[in-house]
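Q: Below is a structure I'd like to ask you about.
2 protein chains.
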Amino acid sequence: MNLKQLSKELNLSISTISKALRDSAEISIATKKKVQEKAKELNYHANPFASNLRNQKSNTIAVIIPAIANNFFSSAINGAESFAQEKDYHVLIYQTHEALEKEISVSKHLQNGRVDGIMISLSSETSDTSHLAALKDKGIPLVFFDRVAENIDAPKITVDDYESSYIGTEHLIKNGCTKIAFLSISNVLSISNNRKRGYLDALKAHNLIEDERYIVDCNYDETANKLKIKNLLTSANKPNGLFASVEELAISTYEICNEINLNIPLDLKIVSFSNLQTASLLNPSLTTITQPAYEIGREAASVLFKLIENKEIDPTSQNIELKSKLIIRDSSTAKTVNNIASTKKDLAQILLG
Amino acid sequence: MNLKQLSKELNLSISTISKALRDSAEISIATKKKVQEKAKELNYHANPFASNLRNQKSNTIAVIIPAIANNFFSSAINGAESFAQEKDYHVLIYQTHEALEKEISVSKHLQNGRVDGIMISLSSETSDTSHLAALKDKGIPLVFFDRVAENIDAPKITVDDYESSYIGTEHLIKNGCTKIAFLSISNVLSISNNRKRGYLDALKAHNLIEDERYIVDCNYDETANKLKIKNLLTSANKPNGLFASVEELAISTYEICNEINLNIPLDLKIVSFSNLQTASLLNPSLTTITQPAYEIGREAASVLFKLIENKEIDPTSQNIELKSKLIIRDSSTAKTVNNIASTKKDLAQILLG
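Shown next, in the form of structure tokens:
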């Protein structure tokens, strides 16, 4: 079914049909209705590329993220999709796998009107952001979320990274930790630096000395990270508290503690930024700083549609900061007596056969 | 920078430049190189819609999945992307959120050449697959993976669902379970039915009686599922073994067991299909049937590119079945004495201050 056949079927010119399908003001409402109903009945779909050339609309937004295998980003995308769906838009998801090169390649791919707007959270390698400035210069609406480019004049949806790191570190101190390690993930991202600042300021406020040996720069190489964590936890002056700036590092720490027989929380108390669904089921359950990931995605999409619908908006007026939540569980507290009591019951049960 | 400016810059006709950029055989290699280098230098990108109209290539494939917040699907996508990247293709990810309606909407969106090929894993609601048959009729290369449509003549990349369910159920029987529940996720998907058949045949082979009360039909409504699981585990004749056909149901079961104080594995032994990264860190660690998710995605992409590059291939000759793996951990075995011993050590440590 093409325009020509549709024209024959309706006994209207191709130009009239084309305008009716584009909802042009030149065509009467009655005719538009007639054309649209017939098109639907005959299952006619415009060639999207031809139709995009004319009306310059793709009804699609792109979300660029470091990785989908991450509870924070998958929830953020679900939030963005919930909003896009209300606008009858499709969402294209692109992964950069934490690689600047891939982020540049995706940006180039999106430079010429494939999508009406872009939401992005930077890769951990991204310090030079000229590829994103180029997108903005082309007039493509752009919104940053979570991992933002400070130097680009576009809306930024963030969370209180500094404050929640401060609170998480203070929680470890209040639970008796005197030597607290910080596992960082990237030296170039502003969120990573904000998290480290929160940690350092909490130490200072409680008269604990900053010790370079306890600040471990990790990346997304799991094997290399585990080696660094193992070295840290087997060193002579090992920490008794640990703050993980992303959940992957908390999981690696659990695995290392199992391997070297270190008890969490007796030997090491742990707090981690995390949206892990199974945090409460881990052994022991993990204390987390949990971000409102779904809401961040939804807010970012909401601001993006404001830009798409009104390009005159001042982007910096659209910055939003949301709040994280410290959820205290067994990994950071000494309250393990209950667990042991229930295990004693189990033991009794075994002994009784 | 447009074609006209590029033409002026190079002192070549627009037609020559356009052909050179499309790698046409009519143009000499030397000229092509000159044009491509200048285009790169001046950062010229073809309008993708105009260029797609000419060469009918999008250099993009779509992957349609039920949800990205799922370790199996996120790994499968990573496998597909690894292959697409080698072909210099982009991957668009679409979520159906387990809804047939959304799957139909995405299929319509993709009907007119936006992508060169599609990989899909069905929503749990999809029994009528006419929207997918329509894609195939339009000549769009289509490959199914994991959750396949049996009645459509397209390549299917699957795993040994029947065999691994049989083995998982048998493992529970060998560990002393006599009353084994099966949590199913969909009555319409073939993989779900294959998993149930494996469970039933293992019961039969070991002279255990099939009991309708132990077969619980769940869906993707977490609250409703938990209620069903709670009813099952608090009933008079409650099971002592449980086989979860997807990992979400195992997680819900853990949560219910915590709530009603049922000990895993002493009161209930559990095996689940799962690619959960934290399976070994759960309390207790979870016995899983783990699928080669990354490989499934990569195989599916590999077959899809065969179809894209050679439309004459017989699709049914491309079916592939991969093998899952039973990974035995504490949730299904009685070996908890070690855990308790180490907890006794902790207890002593607490008592000693």
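Read top to bottom, the protein sequences are chains Y and A. If you're matching positions, the first sequence starts at 0 in numbering that gives the first Met the number 0 and goes up one per residue. If you're matching positions, the second sequence starts at 0 in numbering that gives the first Met the number 0 and goes up one per residue. A virtual CB, placed ideally from N, CA and C, is assigned to each residue, including glycine.
Of the residues that make up the region 55-68 of chain Y, which ones have a beta carbon closer than 7 angstroms to any beta carbon in chain A?
A: Residues passing the 7 angstroms Cβ filter: I67 and A68.
Q: What are the start and end residues of each continuous alpha helix (DSSP H) run of 4 or more residues lying completely inside the region 45-103 of chain Y, in chain order?
A: List check, alpha helix (DSSP H) in window: 47-54 and 70-85.
Q: For a test of the three-state rule: what should DSSP assign to K155 of chain A, helix, strand or coil?
A: Strand at K155 of chain A.
Q: Does the beta-carbon of E97 of chain A have 16 or more other beta-carbons within 10 angstroms, so that it is buried, or is it exposed?
A: Answer is buried; the Cβ neighbour count reaches 16.
Q: Mapping DSSP to helix, strand and coil, what is E247 of chain Y?
A: E247 of chain Y falls in the helix class under three-state DSSP.
Q: Near F181 of chain A, what residues of its chain come up, given a Cβ to Cβ distance below 6 angstroms and the 5 sequence neighbours on each side ignored?
A: Correct list, in chain order: Y198, I214 and F242.
Q: CB T252 of chain Y to CB I228 of chain Y, shorter than 7 angstroms?
A: In contact: T252 of chain Y and I228 of chain Y (Cβ atoms closer than 7 angstroms).
Q: Check this for me: beta carbons of G240 of chain Y and K195 of chain Y, under 7 angstroms apart or not?
A: No, these two residues do not count as a Cβ contact at 7 angstroms.
Q: Using 8 angstroms as the Cβ pair cut-off and three pairs as the minimum, do the region 144-157 of chain A and the region 315-327 of chain A touch?
A: As far as the Cβ criterion goes, the region 144-157 of chain A touches the region 315-327 of chain A, which means the pair count is three or higher.
Q: When Cβ atoms are compared, which residues of the region 195-226 of chain Y fall closer than 8 angstroms to chain A?
A: So nothing in the stretch comes that close.
Q: For I117 of chain A versus L91 of chain A, is the C-beta distance shorter than 7 angstroms?
A: No, the Cβ-Cβ distance between I117 of chain A and L91 of chain A is not below 7 angstroms.
Q: Considering Cα atoms alone, identify which of Y:L325, Y:Y93 and Y:I326 is closest to A79 of chain A.
A: Residue Y:Y93 is the option with its Cα nearest to A79 of chain A.
Q: Quick one: using the 10 Å Cβ neighbour count with 16 as the cut-off for buried, is Q353 of chain A buried or exposed?
A: Nothing about residue 353 of chain A can be read from this structure; chain A reaches only from 0 to 352.
Q: For a quick check, are the C-beta atoms of S81 of chain Y and R328 of chain Y less than 7 angstroms apart?
A: Not in contact: S81 of chain Y and R328 of chain Y (Cβ atoms no closer than 7 angstroms).
Q: To test your reading of the DSSP string, which unbroken beta strand (DSSP E) runs of 3 or more residues are found completely within the region 286-310 of chain A?
A: Fully enclosed beta strand (DSSP E) runs of 3 or longer: 286-289.
Q: Between Y:D210, Y:N218 and Y:L99, which has its C-alpha nearest T177 of chain Y's C-alpha?
A: It is Y:D210 whose Cα lies nearest to the Cα of T177 of chain Y.
Q: Could you check the C-alpha separation between I326 of chain A and C256 of chain Y for me, to the nearest Å?
A: Whole-angstrom Cα-Cα distance: 21 angstroms.
Q: Can you tell me which of the three DSSP states K268 of chain Y falls into?
A: Note: K268 of chain Y maps to strand in three-state DSSP.
Q: Let me know if A75 of chain Y comes out buried or exposed under the rule of 16 or more other beta-carbons within 10 Å of its beta-carbon.
A: Result: buried.
Q: For A340 of chain Y and S104 of chain A, I'd like the C-alpha separation in whole angstroms.
A: Here the model assigns A340 of chain Y a pLDDT of 48, short of 50, so the residue's position is not dependable and the matter cannot be decided.
Q: Does D216 of chain Y come out as helix, strand or coil in the three-state DSSP assignment?
A: It is a strand residue.
Q: Alpha carbon to alpha carbon, what distance is there between T30 of chain A and S50 of chain A?
A: For S50 of chain A, the pLDDT reaches just 49, beneath the cut-off of 50, and the residue's location in the model is therefore unreliable, leaving the point undetermined.
Q: Throw me the rounded Cβ distance for the D115 of chain A and I250 of chain A pair, which I believe falls under 8 angstroms.
A: That pair is no contact at about 37 angstroms.
Q: Is it true that the CB of P314 of chain Y sits closer than 7 angstroms to the CB of D152 of chain Y?
A: Yes, these two residues count as a Cβ contact at 7 angstroms.
Q: Determine, using beta carbons only, whether I92 of chain Y comes closer than 7 angstroms to chain A.
A: By this cut-off, I92 of chain Y is an interface position.
Q: Considering Cα atoms alone, identify which of Y:G112, Y:H108, Y:I28 and Y:S189 is closest to S123 of chain Y.
A: Comparing Cα positions, the closest option is Y:S189.
Q: Quick one: which chain A residues come within Cβ less than 7 angstroms of Q110 of chain Y?
A: Per Cβ cutoff of 7 angstroms: H44.
Q: Quick one, which of A:L207, A:K107, A:S331 and A:L265 has its alpha-carbon nearest S271 of chain A's?
A: Considering only alpha carbons, the answer is A:S331.
Q: Locate the alpha helix (DSSP H) running through L325 of chain Y, then write down its first and last residues.
A: Careful: L325 of chain Y lies outside any alpha helix (DSSP H), inside the beta strand (DSSP E) at K324 to I326.
Q: Run through the DSSP bridge pairs and tell me what A132 of chain A is partnered with.
A: Note: A132 of chain A sits in no beta bridge, so no partner.
Q: Does any C-beta atom of chain Y lie closer than 7 angstroms to the C-beta of N186 of chain A?
A: No, N186 of chain A does not count as interfacial toward chain Y.
Q: What is the DSSP secondary structure of A180 of chain A, counted as helix, strand or coil?
A: Looking at A180 of chain A - three-state DSSP - the assignment turns out to be strand.
Q: Taking the alpha-carbon positions, what's the L285 of chain A to L121 of chain A distance?
A: L285 of chain A and L121 of chain A: Cα-Cα distance of roughly 27 angstroms.
Q: May I ask you to report which of helix, strand or coil DSSP gives E162 of chain Y?
A: It is helical.
Q: Just to confirm, is the Cβ distance from F144 of chain A to A299 of chain A under 7 angstroms?
A: The answer is yes: Cβ separation under 7 angstroms.
Q: Tell me whether N150 of chain A is buried or exposed, calling it buried when 16 or more other Cβ atoms sit within 10 Å of its Cβ.
A: Exposed, because fewer than 16 other Cβ atoms sit within 10 Å of the Cβ of N150 of chain A.
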